[in-house]
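Data block below; observations after.
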DNA sequence: CGAAATTATTTTAGGCCTAAAATAATTTGG
DNA sequence: CCAAATTATTTTAGGCCTAAAATAATTTCG
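Chains as they are written, first to last, in my numbering: chain A, 1 to 178; chain B, 179 to 356.
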């Protein structure tokens with residue numbers, strides 16, 4: 001059961017109580033998470049390039065559009081992907097040139113550009129998404145279902161913690177501005 | 179204790195046994211991990227820019243050099259940071275210009291460029307590293323020591339799984355070449 | 001109504017990053 | 001020895017990404 005026996009792992013990894021003001025564990029955790037993310041991202045980039053001659057940003061953008069039947073605005077895509085508006089504009093330009101995405105001004109508010117996948121885009125995405133899902137499963141293959149669930153849950157708590165810490169600091173900065 | 183009561187979370191998240199060939203859980207896990215990494219990375223980039231007028235790649239490169247007393251070659255830094263040699267060359271150019279890093283050809287093998295932090299670079303890094311460690315702790319503040327340890331361990335297993343899957347595919351490709 | 005403020009997107013300038021080609025130095029094997 | 005192969009780094013061309021400024025359209029409110 002791997003019970004965290006005191007005197008073994010814990011002694012070497014978590015003696016926070018003995019080191020007040022020390023936050024090395026959090027740092028090590030972050031570096032390890034970054035390593036995992038980078039390994040996955042790099043591998044997926046390579047495979048997308050080799051098998052589909054495309055890039056991760058393009059794939060990610062198409063994935064967002066694929067989830068929406070009615071199309072999405074530049075701003076919505078930008079928020080979902082956590083990238084700038086200008087970046088969406090640029091990536092969309094490439095997809096437009098390849099006929100994978102359609103862009104048109106909304107009829108009621110002509111500031112807004114609505115993006116949708118073309119039929120070709122939907123077809124291309126479907127093929128890529130299927131392979132992509134398999135690649136991810138391959139990469140996580142050594143984790144069993146329980147570990148996946150556990151990791152998913154811990155990352156959920158991490159996400160909550162991050163959102164709160166980031167919001168708290170943004171509030172502080174806004175206060176400072178006033 | 180959050181015991182994973184069947185019928186609640188598990189029913190919605192992990193019915194892999196009922197969906198053969200389905201790998202949605204791994205995909206969701208990856209997307210959540212990516213969200214966490216991106217949130218942290220973006221926040222750290224912003225704080226480094228606002229408080230120290232520097233960038234994450236520069237900070238990361240200085241962090242590597244700081245850990246080495248004798249200096250590191252371009253290739254070693256490139257491997258540790260998981261970026262291309264060319265990228266190291268470019269980032270180092272900026273740090274050289276700012277007097278934070280020193281670069282000199284090794285005496286015994288003049289192909290090799292040895293990088294070290296200057297006194298100014300070490301001092302600047304020390305100040306940033308201290309703040310950086312605090313920021314990371316802040317971001318993970320809502321996780322207790324046990325959750326940190328657990329997450330660290332699960333990510334360790336993930337890392338192993340990733341390395342094996344990536345190596346396996348590289349081997350396959352090498353076979354295919356022969 | 002119409003000027004000012006707001007909102008959505010694009011443009012611009014600049015840094016990061018990669019793969020592939022080029023350069024430069026060293027090692028190897030005939 | 002010396003030509004070929006190898007190794008380390010840099011250069012090049014091009015895509016991604018951001019912040020800030022610019023543009024364009026809509027909304028608000030006096």
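Backbone N, C-alpha and C define an ideal beta-carbon position, used for all residues, glycine too.
Within chain B, the residues 328 and 332 have their CB atoms less than 8 angstroms from the CB of residue 150(A), given in chain order. Taking residue 45(A) as the centre and dropping the five residues before and after it, the same chain places the C-beta of 56 closer than 6 angstroms to its C-beta, in chain order.
Residues of the segment 117 to 137 of chain A with a C-beta less than 9 angstroms from any C-beta of chain B: 132, 133, 134, 135, 136 and 137, listed in chain order. Listed in chain order, the beta strand (DSSP E) runs fully inside the segment 96 to 157 of chain A are 101 to 105 and 113 to 117, counting runs of at least 3 residues. Counted as a single uninterrupted DSSP element, the stretch harbouring residue 71(A) is not any alpha helix (DSSP H), since DSSP gives it neither H nor E.
Contacts with chain A at 7 angstroms (Cβ-Cβ) do not include residue 284(B). For residue 242(B), the closest of 231(B), 258(B), 348(B) and 206(B) by C-alpha to C-alpha distance is 258(B).
When DSSP states are grouped into helix, strand and coil, residue 261(B) belongs to the coil group. The beta carbon of residue 25(A) falls within 7 angstroms of a beta carbon belonging to chain B, placing the residue at that interface.
Taking the CA atoms as reference points, residue 346(B) sits about 14 angstroms from residue 47(A).
Close to chain A, meaning a Cβ-Cβ distance shorter than 7 angstroms, are the following residues of the segment 257 to 279 of chain B: 260.
Against chain B, a Cβ distance below 7 angstroms from residue 164(A) picks out 320. Measuring C-alpha to C-alpha distances from residue 329(B) to each of 256(B), 214(B), 310(B) and 205(B) identifies 214(B) as the nearest. Shown here, residue 232(B) sits in coil according to DSSP, grouped into three states, outside any helix or strand.
With distances taken between CA atoms, residue 162(A) lies nearest to 210(B) out of 301(B), 230(B) and 210(B). The contact set of residue 335(B) on chain A, defined by CB atoms closer than 7 angstroms, consists of 142, 143 and 147 in chain order. In the three-state scheme derived from DSSP, where H, G and I count as helix and E and B as strand, residue 199(B) is classed as coil. At a cut-off of 7 angstroms between C-beta atoms, residue 68(A) does not count as an interface residue with respect to chain B. Residue 208(B) has its alpha-carbon roughly 38 angstroms from the corresponding atom of residue 108(A). With its beta carbon less than 7 angstroms from one in chain B, residue 32(A) belongs to the interface.
Cβ atoms of residue 147(A) and residue 335(B) come within 8 angstroms of each other, at about 7 angstroms. With respect to the 7 angstroms criterion, residue 304(B) and residue 293(B) are not classified as neighbours on the basis of their beta carbons. For the 7 angstroms CB-CB criterion, residue 61(A) and residue 83(A) do not form a contact. The residue among 75(A), 96(A) and 138(A) with its C-alpha nearest the C-alpha of residue 119(A) is 96(A). Contact note: residue 206(B) reaches chain A through 152, using a C-beta cutoff of 7 angstroms and chain order.
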